[in-house]
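First up is the structure itself, then whatever we jot down about it.
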Amino acid sequence: MVDQRVRPIARGGVRAAVAAAGLTVVWGGAFATQVLPFFPTIVAGGILTGLAGLWVRRGTRGWHSGEAQRRDFPPFALSAAHARLAVVVAVLHFAIGHGLFAVGGLLLPALTETASAVYTRAGGIPLWAAVLLGAVITAPLEEIFWRGGVQPLVSSMVRDRWPRVAGLPGGIVVATTVVYAAFHLATAQVALVAAALLGGLVWGWLMERTRSLGATMLAHGLWTGLMLVFPPV
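Per the working numbering, the very first residue in the sequence shown carries number 1469; after that it's consecutive.
Laid out in structure tokens, this is it:
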């Protein structure tokens, strides 16, 4: 007799996989095409990403039938302590990222070239509008899908299939970051993949530390705003 728990528990993983496939096309197209206006296209991608996150979170909270309990998705609630931590994390992330970018640009010129290309396209609108669209709207919406939906499911999969990896310090965060960075390969932008690697580690850790989606949304948004106001190129 087939375990009736398999179908509903797998639903969360199926939704995430379907959403990720669709978003790969959306974000890949946003950076591949030069015809569509940059920021409106990015914002549209962010909105779709946020909606995909809500759709995933509405599914069954788990991935594998071996899981005895459904895994709860992190809440949006943000305490004052977690807000302060998110701000500190965003500022440190910004500072360390600038340093790594300077070193990485010397070793890999494509890093600087692709970053410059992205900033050139983003420079078509006033800075305040770029911050509003990129940092206030798009970046937090991305977190609903990635840290709010995908990370709990990847965590469940890793604990079920690779318990040794899950037992390693940071194992869950690294596994989620690999998925997050792999997704950004669709943009064909070395700078964005590199940013996703560092960002995935930072925001993934913050999620595991706080269990607050609001904290990662704040940290991602603030970091994006700092990157727009003080670009590394």
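Cβ atoms here follow ideal geometry from the backbone N, Cα and C, with glycine treated the same way.
- The residue from Val1556, Ala1597, Ala1487, Ala1578 with its alpha-carbon nearest to that of Pro1508 is Ala1597.
- Distance from the CA of Leu1491 to the CA of Gly1572, rounded to the nearest whole angstrom, comes to 28 Å.
- Put simply, the backbone Cα of Ile1640 is about 15 Å away from that of Phe1541.
- Here the alpha carbons of Ser1680 and Ala1545 stand approximately 6 Å from one another.
- By the Cβ-count criterion, Leu1636 is exposed, with fewer than 16 other Cβ atoms from all chains shown falling within 10 Å of its own Cβ.
- Judged by DSSP secondary structure, Pro1608 falls within the alpha helix (DSSP H) whose first and last residues are 1607–1613.
- Contact fails between the region 1590–1604 and the region 1663–1671, because fewer than three Cβ pairs, one in each stretch, are under 8 Å apart.
- The region 1512–1526 makes contact with the region 1606–1615; the number of CB pairs closer than 8 Å reaches 3 or more.
- Exposure of Gly1567 is indicated by the presence of fewer than 16 other C-beta atoms within 10 angstroms of its C-beta.
- Rounded to whole angstroms, Val1486 and Ala1583 show a C-alpha spacing of 29 Å.
- Close CB contacts of Trp1614 within its chain, under the 7 Å cut and outside five residues either way in sequence, are with Tyr1648 (chain order).
- Contact annotation: Val1658 and Ala1558 have beta-carbon atoms that are not nearer than 8 Å.
- Judged by beta-carbon spacing, Ala1585 lies beyond the 8 Å limit of Phe1506, meaning their Cβ atoms are not closer than that value.
- Inter-residue distance for Trp1630 and Trp1495 is about 30 Å (C-alpha atoms, whole angstroms).
- Here Thr1501 carries a coil assignment [DSSP, helix/strand/coil].
- By the neighbour-count criterion, in which 16 or more other beta carbons inside 10 Å mark a residue as buried, Ile1564 falls on the exposed side.
- By the C-beta density criterion, Val1633 is exposed, having fewer than 16 other C-beta atoms within 10 angstroms.
- With distances taken between CA atoms, Ala1548 lies nearest to Leu1686 out of Phe1698, Val1697, Leu1560, Leu1686.
- For Gln1619, the enclosing alpha helix (DSSP H) has its first and last residue at 1619–1629.
- Ala1683 is positioned such that its CB atom lies no closer than 8 Å to that of Leu1669.
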